Amino acid sequence: MSNQKNKKSIISNIFTLLSSIILLPFRVIKNFLKAVMKRLRFSIAFKISASYFLLYIVIILIVTTTSSIGYFVYILNDFKTETVANEMTMIRYNIDTLNLIKDILNDKNIKNINIYDENYKNIYTYNKNYGSQKYSNNIILMLEELILNSTYIHSEQIYENDELYYVNIYYDISFLISQTTYIIVFIFLSGIAGLLLFIPIVSRTSSKLIRPIKNMTEITKTISVNNINTRLDIKDTQDELKELSMTFNEMMNRIEEGYKSQQQFVSDASHELRTPIAVMKGYINMLDRWGKNDKAILEESISAIKNETDNMQDLIEKLLFIARSDKQTLVFTKEDFNISEVLFEIEKETIMIDNKHEFEFRFLHDAHVYADKNRVKQAIRILLENAIKFTPEGGKISVYSFLAEEYYAIKIKDSGIGINKKDLPKIFDRLYRAEESRNRQIGGHGLGLSIAKIIILGHKGKIKVKSNIGEGAEFTILLPHI
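Take the sequence shown: its letter number 359 is residue 347 in the numbering used here, and every next letter is one higher.
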């Protein structure tokens, strides 16, 4: 049992050694090319060509190795079937007259024959000059003899006339190795010849593959603020490059949209600031020229400048709030509180400051929310102030609250001028004001709804609106409740 295990271990070691020898050229080439690629900054086209070249060389080596080994095994088996089998038959028939074996066998490829008895004692040697070695059926010794001396050792047992014999025949198979060498040279030279055709094809293919990338590079170099609408051409691209081009174009669409939105925002903000500054400048010039000594004009100017200053301060604070939201530095101080408490506070404050509208407050359910109390109150007040602003005197404004599944709903409905359907998708945009609200007497900067939306979405809530011209508007805030 231990001999069998040793034999398996030896065979395994031999196969490991052979595989290491076979794979050695591939490893050397791979490491060499890897080192070259690492040290030199080649173009992608060159790297693709080099990869194809490496793959081609590997294929040639694999084909050469497998073909030569396969061919050698084939002709060796053929040699064993036709020559060795016949000679073993002749040895078997003449085992009683060992001295006649030399006369019977005239194979010039035989180097030596050793025959042993059942105790592995040498009883016959074909070539005295070759020497009488011990009986060999060890695959390691056989491979060593094959590689070093081009000698194939055939080992076999013969049971004849109730006697057991062991036979070693040493064959010179250099002619088989020569044939195999011709095959190796032929396949390798064919591969080299094919390489002459392979190189220009690979070079052309690599250039064709890289051309769309070069075009992309040239186009992206031209993109600037002045022509931000430039896009990559996807007609000549395919597969991953087409997907990359489409992704890039989509990204540029978002950048262009954001850039235009930012430009519009800056323009609108400048316009909103220019008006109060112009008013303040007008009053200051009037005071400077002749209003210093006129008490009525002085008081009017001071009051107007104060109002415009408050207006500018309100606008700047709102712009800073939105800027913090854009930079993701806006922090909500959240706590667990009863939302009804905030609604009752808003009801009390609203009735106290406005007696020109009819109000209806109905809070059907209580609920606790985890949120920034002041910001939530700010968002509700923005919607309520909008309802007051756009509802004529004597109009009705209703505030309802109730549980709606996992949300707590706060609905603010007015009977005011309403909003045109075409304006509904834009009313939450910054500094956007519908045509009906562009009246100077109504006032506002068009930032309130943007801020309300930022607050509600920042609490993982939702904000909805329904409206028609002349039918009032209905805003609904949905906040997750505990």
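The C-beta atom is built at its ideal place from N, Cα and C for all residues, glycine as well. Note that the coordinates shown come from a computational prediction; the quantities given were computed from them, not determined experimentally.
Practice task
Compute the Euclidean distance between the alpha carbons of A440 and I368, then round it to the nearest angstrom.
Solution key: Counted from its first residue, the sequence shown places residue 440 at position 452. Counted from its first residue, the sequence shown places residue 368 at position 380. Cα to Cα, the separation comes out at about 8 Å.
Handout entry: Segments of 3+ residues assigned as beta strand (DSSP E) that fall wholly inside the region 178 to 214
Key = none
Exercise for the section: Could you pull out every residue in the same chain whose Cβ sits closer than 6 Å to the Cβ of D95, ignoring the five residues on either side in sequence? Expected result: Position 107 of the sequence shown holds residue 95. Once the five neighbours on either side are set aside, D95 has no close Cβ partner at all.
Handout entry: chain C within 9 Å of F332, Cβ atoms only
Key = Here there is only one protein chain, and chain C is not present.
Practice task
Taking Q121 as part of the alpha helix (DSSP H), name the residues at either end of that continuous run.
Solution key: The residue you call residue 121 lines up with position 133 of the sequence shown. Where Q121 is concerned, there is no enclosing alpha helix (DSSP H), given that its DSSP letter is neither H nor E.
Exercise for the section: Would you kindly check if the distance between the Cβ of I103 and the Cβ of T139 is under 9 Å? Expected result: As a first step, residue 139 must be located in the sequence shown, where it is residue number 151. As a first step, residue 103 must be located in the sequence shown, where it is residue number 115. Against a cut-off of 9 Å, the Cβ pair of I103 and T139 comes out as no contact.
Practice task
Going by DSSP, name the residue or residues bridged to T139.
Solution key: Taking the sequence shown and counting its residues from 1, one reaches residue 139 at position 151. Note: T139 sits in a beta bridge opposite D160.
Exercise for the section: Decide if the region 162 to 172 is in contact with the region 42 to 50; the criterion is three or more beta carbon pairs, one per stretch, under 8 Å apart. Expected result: no
Problem - N-terminal and C-terminal residue of the beta strand (DSSP E) that L467 is part of - result: On the sequence shown, residue 467 is found 479 positions in, with the first residue counted as 1. That run of the beta strand (DSSP E) goes 461 to 468.
Handout entry: Alpha-carbon spacing of L184 relative to I63, whole angstroms
Key = In the sequence shown, counting from the first residue as 1, residue 184 sits at position 196. In the sequence shown, counting from the first residue as 1, residue 63 sits at position 75. Rounded to the nearest angstrom, the two C-alpha atoms are 32 Å apart.
Exercise for the section: Pick helix, strand or coil for R369, following the three-state DSSP scheme. Expected result: Indexing the sequence shown from 1 puts residue 369 at position 381. Helix, per DSSP.
Practice task
Have a look at the DSSP bridge pairing and note the partners of K441.
Solution key: Within the sequence shown, numbered from 1, the residue matching residue 441 stands at position 453. None, per the DSSP bridge assignment.
Practice task
Would you mind sorting D402 into buried or exposed? The rule is 16 or more other CB atoms within 10 Å of its CB.
Solution key: For the purposes of this step, residue 402 is taken as the residue at position 414 of the sequence shown. D402 should be labelled buried.
Problem - Residues bridged to Y44 (per DSSP) - result: If you number the sequence shown from 1, residue 44 lands on position 56. Residue pairing for Y44: DSSP places it in no beta bridge.
Exercise for the section: Check K450 in the structure and name its three-state DSSP category. Expected result: The count along the sequence shown starts at 1 and reaches residue 450 at position 462. Three-state result, K450: strand.
Exercise for the section: Per DSSP, which residues does I400 bridge with? Please list them. Expected result: Mapped onto the sequence shown, residue 400 falls at position 412. DSSP output for I400 lists V387, F463 as bridge partner(s).
Problem - Stretch pair the region 271 to 281 + the region 405 to 415: three plus CB contacts closer than 8 Å - result: no
Problem - Touch test, the region 366 to 380 against the region 330 to 349, Cβ-Cβ under 8 Å, three pairs minimum - result: yes
Exercise for the section: Could you tell me the distance, in whole angstroms, from the CA atom of E106 to the CA atom of V51? Expected result: Taking the first residue of the sequence shown as 1, we reach residue 106 at position 118. Taking the first residue of the sequence shown as 1, we reach residue 51 at position 63. So the two alpha carbons sit approximately 45 Å from each other.
Handout entry: Close Cβ partners of I89 (< 8 Å) along its chain, the five nearest in sequence each way excluded
Key = To locate residue 89, count along the sequence shown from 1; it is residue 101. Result list for I89: M78, I79, N82, I101, Y112, Y114, in chain order.
Practice task
Give a yes or no on contact between the region 46 to 60 and the region 122 to 131, applying the rule of three or more CB pairs nearer than 8 Å.
Solution key: These segments do not touch.
Practice task
Can you give me the start and stop residues for the beta strand (DSSP E) that R350 sits inside?
Solution key: Translated into positions along the sequence shown, residue 350 becomes position 362. From DSSP, the beta strand (DSSP E) with R350 extends over 346 to 351.
Handout entry: Chain-order list of residues whose beta-carbon lies under 8 Å from that of T248 (same chain, five-residue window excluded)
Key = What you label residue 248 is simply residue 260 of the sequence shown in a count that begins at 1. At residue 248 the sequence reads Lys, which differs from the Thr that was named. None.
Practice task
With distances taken Cα to Cα, identify the nearest neighbour of L286 among M300, E296, A461, Y271.
Solution key: Start at 1 with the first residue of the sequence shown, and residue 286 comes out as number 298. With distances taken between Cα atoms, L286 lies closest to Y271.
Problem - Between the CA atoms of I9 and T69 - distance to the nearest angstrom - result: Along the sequence shown, one-based indexing puts residue 69 at 81. Along the sequence shown, one-based indexing puts residue 9 at 21. If you draw a straight line from the Cα of T69 to the Cα of I9, it comes to about 29 Å.
Practice task
Rounded to whole angstroms, what's the CA-CA distance from L496 to I243? Just pull it up for me.
Solution key: Lying outside -11 to 470, the shown extent of the chain, residue 496 is not represented and no answer is given.
Exercise for the section: Flag this pair as yes or no: are the beta carbons of S55 and I175 separated by less than 9 Å? Expected result: The residue given as residue 55 occupies position 67 in the sequence shown. The residue given as residue 175 occupies position 187 in the sequence shown. Yes. Within cutoff.
Problem - Backbone secondary structure at V357 - three-state DSSP - result: Translated into positions along the sequence shown, residue 357 becomes position 369. V357: strand per DSSP, three-state reduction.
Problem - Where the alpha helix (DSSP H) containing I334 begins and where it ends - result: Taking the first residue of the sequence shown as position 1, residue 334 is located at position 346. Where I334 is concerned, the enclosing alpha helix (DSSP H) stretches over 327 to 341.
Practice task
Label I444 either buried or exposed according to how many other C-beta atoms from any shown protein chain fall within 10 Å of its C-beta, with 16 as the threshold for buried.
Solution key: Counting from 1 along the sequence shown, the entry for residue 444 is found at position 456. Its Cβ being crowded by 16 or more others within 10 Å, I444 is buried.
Handout entry: Extent of the continuous alpha helix (DSSP H) run through T218
Key = By 1-based counting over the sequence shown, the position of residue 218 is 230. Segment: none, T218 is in no alpha helix (DSSP H) and carries neither H nor E.
Practice task
Determine the closest residue to F236 out of D276, N299, K365, T205, with distance taken between C-alpha atoms.
Solution key: Mapped onto the sequence shown, residue 236 falls at position 248. Comparing Cα-Cα distances from F236 to each of D276, N299, K365, T205, the minimum goes to T205.
Handout entry: K18 to L49 span [Cα, whole Å]
Key = As a working mapping, residue 18 is identified with position 30 in the sequence shown. As a working mapping, residue 49 is identified with position 61 in the sequence shown. Approximately 13 Å between the Cα atoms of the pair.
Problem - Beta-carbon proximity of E373 to G436, cut-off 9 Å - result: Locating residue 373 in the sequence shown gives position 385, where the first residue counts as 1. Locating residue 436 in the sequence shown gives position 448, where the first residue counts as 1. Yes; because the gap between Cβ atoms is below 9 Å, this pair is in contact.
Practice task
Following the continuous beta strand (DSSP E) through K99, name the residue where it begins and the one where it ends.
Solution key: For the purposes of this step, residue 99 is identified with residue 111 of the sequence shown, where counting begins at 1. Its beta strand (DSSP E) spans residues 98 to 104.
Handout entry: Boundaries of the alpha helix (DSSP H) in which T77 is found, first to last residue
Key = Here residue 77 corresponds to residue number 89 of the sequence shown, with the count starting at 1. Looking at the DSSP string, the run of the alpha helix (DSSP H) that includes T77 is 73 to 81.
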